[in-house]
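Visitor:
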Amino acid sequence: MKCQACGHENREGARFCDQCAAELGPVCSSCQTQNDPGARFCRQCRESLDTTQSPSTTPTPVPALPSSFANGRYTVKSFLGEGGKKRVYLANDSKLDRDVAVAVIKTEGLDEAGLKRIQREAQAMGRLGDHPNIVTIHDVGDDVSPGSGQTAQPYIVSQYMAGGDVEHMEFPLPIERTLELGKDISRGLAHAHANGVIHRDLKPGNVWLAEDGTASLGDFGLAVAVERSRLTMAGMLVGTVAYMPPEQALGGEVTPQSDLYSLGCLLYELVTGRPPFVGDNPTAVISQHINTSPVAPSWQTEDCPPDLEELIMRLLAKDPGERPESANAALEALERVDATAKSASHSDSNVLDRLALGVFVGREKEMERLRQALDSAFSGRGGLVMLVGEPGIGKTRTTQELETYARMRGAQVLWGRTHESAGAPAYWPWLQAGNQYAGMHADELADLIGPHMPPGAVSELSRIFPWFREAANFVEPEEIDDPEVAQFKLFDAYTSYLRAISNQAPLVVALDDLHWADKPTLLLLQHIARELSRMRVLIVANYRDTDITRQSALSGTLAALNRESGFERIVLRGLTRDEVASYVSAKANVVPRPDVLDRIYEETEGNAFFLSEVVNLMAQEGSLTSDSVSDIAIPDGVREALGRRLNRLSEETNDLLQVAAIIGRDFTYDTLQLMGERDEDELLRLIEEALEARVIEETEQAGRYRFMHAQMQETLLDELSTTRR
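The letter at position 484 of the sequence shown is residue 935 when you use the working numbering, and the numbering goes up by one with no holes.
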């Protein structure tokens, strides 16, 4: 079955793509059209779809068999299978009288350097020698392309694994079998790592089985070598995203711990029947690898032993340093697992822990426009894109997906957020973005930026960024009596700052909630927008169109920006019914009855935040899998959904959250302590209750918290009188 997101051909009956983890839609039994996940009627013939059955597929036609390879040494016996990168045949080695597998690499799009890279990777695999958990490489070479009689084509001759690959097994597997495979894979990785070889593409399709069921690793780095040779966009990632470690997705250093992360993904799928992260497209999955903690396996199945769950979650740590120190350490942990032990009961646990975070579905057209804008910035033609929509429609979340894609491409991303409070300093989001960059490059900032900026710009920026005084070319700024001249010099200096940053790597600046922006912030935006066409900078801002009137400061700014080249406005609408179905399935791992899904869609109208809150609430109330739609009390609006969520918290926690809401979207532990009379233990207990309820979240900075959504903060503020505020 072909994945509509990445084009990978999957095994018959698969629910998720083995390549990118996207959910696979049903195939119409009447016309064989593949439909989107969650669809109830065929988009081609309008026949009703049987969504209770696993997707099916028409068998792939078997290509014509070549007779032999290597001047007749390897006589082809049969066709074994085909993937996106190679075609594999069963052959007999006439010299040694044994069956072997001959993998012919597809050469479309490969140049001479690419062919040599593949040969080097194959030779590295061959240097691993004989090991019971490594597929042995017998030979490599070039041969005439089957059927063409002309083009030389690389092939790899390896040990024939009669048991096929793990990809074609039925998941989930029994725990005993999962442990056997995990141990075999760990032994193979330990041997490879000891010989200086990192796999880089560990997945079920690269784990092969002997007749007795023993697992062996194959294709070390080969898929990566092929894909690198076919790249057309500089810096784009390679590998299989369903099992890709965060550091590999971001182009960082790949280490043995990277293979261990992929092992964690593989074990997770063997135990639960699904990858740790699923999404509509590869970027959505990678975003979760980078930013989101996985749902514990025991929420997906009762059969996962506690020791195995603990190991899987350690393997899936975002920080490589928090994973097991070696494949041998993972092997030892697997050997200690008691396969008969059952997972702990979740009857008294927080049901929200079973819901996936960071789910992103739909928005294909919008994301494509954003990617095109980023591509232009990479080529030196920057721009400004405004994401527009009602509260909760997904403006910030869409920007976060672009951030993931941009970081995968090697771009830098800085964030600035406006503040509803009138007490925020002028230029607040621009100050945040500038300070964020300074914080990431504190040690080398003066050398990194100073020499690439005019001395006058360095001096001007020292007025708002004191650390510019450390630059080698800093001179004291002169006093300027004319306010307009002073403002122009400051604006021009900040533009030079962004240009200097983008000289290191293309830059994305994300401005959140621009509808609250003050006039100085908007004037600086207008100034920068005039220069973007000659910069490697993309600015992505978002605002609520429902909050804009003709008297709003932003209204006049938008009129001025419309005259600038490179300005684009993208309006976000609600998710479609099929996208809502995909969202519920990915977030809660359940497929609600069609009438329940209809009710959810009708009430939320595809508003992403409202949908998330409704799913959270229904999960807590146990109504997602209800047998009767009449039993479901779906909130009439976002505020009611938030109110019902908040009502589940203690009165003391609600009081604390109202204090936090007055402080702002972001707040600190120290500020809460100063504004109340609670002791440390009680304050920590109340914060923990709010964290568990997914009302607030911890930020990367210790002791700093943030409301999960601006509307949560606004709901709490609306419940307060002006006097109490």
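We treat Cβ as the ideally placed atom computed from N, Cα and C, and that holds for glycine.
Alpha carbon to alpha carbon, how far is Val-991 from Pro-1043? Give it in angstroms, no decimals.
Guide: Start at 1 with the first residue of the sequence shown, and residue 1043 comes out as number 592. Start at 1 with the first residue of the sequence shown, and residue 991 comes out as number 540. So the alpha carbons of these two residues sit roughly 36 Å apart.
Visitor: Just to confirm, is the Cβ distance from Gly-831 to Phe-1018 under 8 Å?
Guide: Looking up residue 831 in the sequence shown gives position 380. Looking up residue 1018 in the sequence shown gives position 567. Their beta carbons are not under 8 Å apart, which means Gly-831 does not touch Phe-1018 by this criterion.
Visitor: Does the Cβ of Ser-1036 lie closer than 7 Å to at least one heavy atom of the ligand COA?
Guide: The ligand COA is absent from the structure shown, which contains no ligand whatsoever.
Visitor: Measuring alpha carbon to alpha carbon, tell me which residue in Arg-1129, Met-1126, Glu-1133 and Asn-1105 is nearest Phe-1158.
Guide: Numbered from its first residue, the sequence shown carries residue 1158 at position 707. Looking at the Cα atoms, Asn-1105 is the closest of the given residues.
Visitor: Are the CB atoms of Ser-777 and Pro-696 nearer to each other than 8 Å?
Guide: Taking the sequence shown and counting its residues from 1, one reaches residue 777 at position 326. Taking the sequence shown and counting its residues from 1, one reaches residue 696 at position 245. Going by C-beta atoms, Ser-777 is not nearer than 8 Å to Pro-696.
Visitor: Give the secondary structure of Gln-1152 by DSSP, where H, G and I count as helix, E and B as strand, and everything else as coil.
Guide: To locate residue 1152, count along the sequence shown from 1; it is residue 701. If DSSP states are grouped into helix, strand and coil, Gln-1152 belongs with coil.
Visitor: Run the CB neighbour count on Arg-578, radius 10 Å, all protein chains shown included, and call it buried at 16 or more, exposed below.
Guide: Along the sequence shown, one-based indexing puts residue 578 at 127. Its Cβ having fewer than 16 others within 10 Å, Arg-578 is exposed.
Visitor: Rounded to the nearest angstrom, what separates Glu-1179 and Arg-787 at their Cα positions?
Guide: Summary: the structure shown does not reach residue 1179, with the chain confined to residues 452 through 1176, and so no result is reported for it.
Visitor: With contact counted as at least three CB pairs below 8 Å, one residue from each stretch, are the stretch 638-655 and the stretch 557-567 in contact?
Guide: No, they do not touch.
Visitor: Where does Ile-999 sit, in a helix, a strand or coil, going by DSSP?
Guide: As a working note, residue 999 is residue 548 in the sequence shown. Three-state result, Ile-999: coil.
Visitor: With contact counted as at least three CB pairs below 8 Å, one residue from each stretch, are the stretch 802-817 and the stretch 991-1009 in contact?
Guide: Segments in contact, no.
Visitor: Bridge partners for Ala-573 per DSSP, in chain order?
Guide: Counted from its first residue, the sequence shown places residue 573 at position 122. Answer is none; Ala-573 lacks a bridge partner.
Visitor: Might you give, ordered along the chain, the residues of its own chain that have their beta carbon closer than 8 Å to the beta carbon of Lys-634, omitting 5 neighbours on each side?
Guide: Translated into positions along the sequence shown, residue 634 becomes position 183. Cβ within range, chain order: Leu-782, Leu-785 and Glu-786.
Visitor: Take every Cβ of the stretch 869-889, pair it with every Cβ of the stretch 851-858, and state whether three or more of those distances are shorter than 8 Å.
Guide: Short answer: they don't touch.
Visitor: Keeping to the same chain, check which residues put their C-beta closer than 6 Å to that of Thr-1122; ignore five residues upstream and five downstream.
Guide: The residue you call residue 1122 lines up with position 671 of the sequence shown. Ile-1114.
Visitor: I'd like to confirm the pairing. Which residues does DSSP put opposite Tyr-611 in its beta bridges?
Guide: Counting from 1 along the sequence shown, the entry for residue 611 is found at position 160. Beta-bridge pairing links Tyr-611 to no other residue.
Visitor: On a CA-only basis, which of Ala-700, Leu-541 and Ser-637 is nearest Asn-779? Give me that one, please.
Guide: Position 328 of the sequence shown, counting from 1, holds the residue named residue 779. For the residues Ala-700, Leu-541 and Ser-637, the minimum Cα distance to Asn-779 belongs to Ser-637.
Visitor: Just how far apart, CA to CA, sit Leu-1134 and Gln-1164?
Guide: For the purposes of this step, residue 1134 is identified with residue 683 of the sequence shown, where counting begins at 1. For the purposes of this step, residue 1164 is identified with residue 713 of the sequence shown, where counting begins at 1. Leu-1134 and Gln-1164: Cα-Cα distance of roughly 19 Å.
Visitor: Can you give me the start and stop residues for the alpha helix (DSSP H) that Asn-1105 sits inside?
Guide: Along the sequence shown, read from residue 1 onward, the residue named residue 1105 stands at position 654. Segment 1102-1114, the alpha helix (DSSP H) holding Asn-1105.
Visitor: What three-state label does DSSP hand Gly-702 in the structure shown?
Guide: The residue you call residue 702 lines up with position 251 of the sequence shown. If DSSP states are grouped into helix, strand and coil, Gly-702 belongs with coil.
Visitor: Under a Cβ-count criterion, where at least 16 other Cβ atoms within 10 Å of its own Cβ denotes burial, should Thr-723 be classed as buried or exposed?
Guide: Taking the first residue of the sequence shown as position 1, residue 723 is located at position 272. Counting Cβ neighbours within 10 Å, Thr-723 comes out buried, since at least 16 surround it.
Visitor: Roughly how many whole angstroms lie between the Cα atoms of His-619 and Tyr-1052?
Guide: Working through the sequence shown from its first residue, we reach residue 619 at position 168. Working through the sequence shown from its first residue, we reach residue 1052 at position 601. Approximately 35 Å, taken between the alpha carbons.
Visitor: From this set, Gly-1057, Leu-1093, Thr-869 and Phe-925, which residue's C-alpha is nearest Asp-1024's C-alpha?
Guide: The residue you call residue 1024 lines up with position 573 of the sequence shown. Reading the sequence as shown, one finds Arg at residue 1024 and not Asp. It is Gly-1057.
Visitor: Could you tell me if Thr-1150 is buried or exposed, where buried requires 16 or more neighbouring beta carbons within 10 angstroms of its beta carbon?
Guide: Here residue 1150 refers to the residue found at position 699 of the sequence shown. Exposed: under 16 other Cβ atoms inside 10 Å.
Visitor: Please report the distance separating the alpha-carbon of Leu-958 from that of Tyr-606.
Guide: As a working note, residue 958 is residue 507 in the sequence shown. As a working note, residue 606 is residue 155 in the sequence shown. Distance between the alpha carbons of Leu-958 and Tyr-606: 42 Å.
Visitor: Nearest-angstrom Cα distance between Arg-1001 and Leu-1009?
Guide: Translated into the one-based positions of the sequence shown, residue 1001 becomes position 550. Translated into the one-based positions of the sequence shown, residue 1009 becomes position 558. When rounded, the distance between both Cα atoms is 11 Å.
Visitor: Can you name the residues that DSSP bridges to Met-891?
Guide: In the sequence shown, the residue the question calls residue 891 occupies position 440. Note: Met-891 sits in no beta bridge, so no partner.
Visitor: Could you check whether His-740 and Ala-700 sit closer than 8 Å to each other, using their CB atoms as the reference points?
Guide: Indexing the sequence shown from 1 puts residue 700 at position 249. Indexing the sequence shown from 1 puts residue 740 at position 289. Their beta carbons are under 8 Å apart, which means Ala-700 touches His-740 by this criterion.
Visitor: Alpha carbon to alpha carbon, what distance is there between Leu-1026 and Gln-1162?
Guide: Locating residue 1162 in the sequence shown gives position 711, where the first residue counts as 1. Locating residue 1026 in the sequence shown gives position 575, where the first residue counts as 1. Approximately 19 Å, taken between the alpha carbons.
Visitor: Do Asp-945 and Leu-975 have their C-beta atoms closer together than 8 Å?
Guide: Against the sequence shown, residue 945 aligns to sequence position 494. Against the sequence shown, residue 975 aligns to sequence position 524. The question names Asp, but residue 945 in the sequence shown is Tyr. Contact: yes.
Visitor: Where are the beta strand (DSSP E) runs, 3 residues long or more, that stay fully inside the stretch 738-805, in chain order?
Guide: You should have found no qualifying run.
Visitor: Taking Glu-631 as the reference, give the member of Asn-584, Phe-671 and Ala-1070 with the closest Cα.
Guide: Residue numbering aside, residue 631 sits at position 180 when the sequence shown is read from its first letter. If we check each option's Cα against that of Glu-631, Asn-584 comes out closest.
Visitor: Once you ignore the five residues that flank Arg-538 on each side, which residues in its own chain have a CB closer than 6 Å to its CB?
Guide: Translated into positions along the sequence shown, residue 538 becomes position 87. Excluding positions up to five away in sequence, the list reads Val-555.
Visitor: Expressed to the nearest angstrom, what Euclidean distance is found between the alpha-carbon atoms of Leu-1167 and Val-1110?
Guide: Within the sequence shown, numbered from 1, the residue matching residue 1167 stands at position 716. Within the sequence shown, numbered from 1, the residue matching residue 1110 stands at position 659. Distance between the alpha carbons of Leu-1167 and Val-1110 is about 9 Å.
Visitor: Would you mind giving the Cβ-Cβ distance between Arg-868 and Asp-963, rounded to the nearest angstrom? I have them listed as a contact below 8 Å.
Guide: Along the sequence shown, read from residue 1 onward, the residue named residue 868 stands at position 417. Along the sequence shown, read from residue 1 onward, the residue named residue 963 stands at position 512. 4 Å between Cβ atoms; contact.
Visitor: Which same chain residues, not among the five before or five after Ala-980, have their C-beta less than 8 Å away from its C-beta?
Guide: Taking the first residue of the sequence shown as 1, we reach residue 980 at position 529. Same-chain partners within the cutoff: Leu-835, Ile-990, Leu-1012, Glu-1015, Gly-1017 and Phe-1018.
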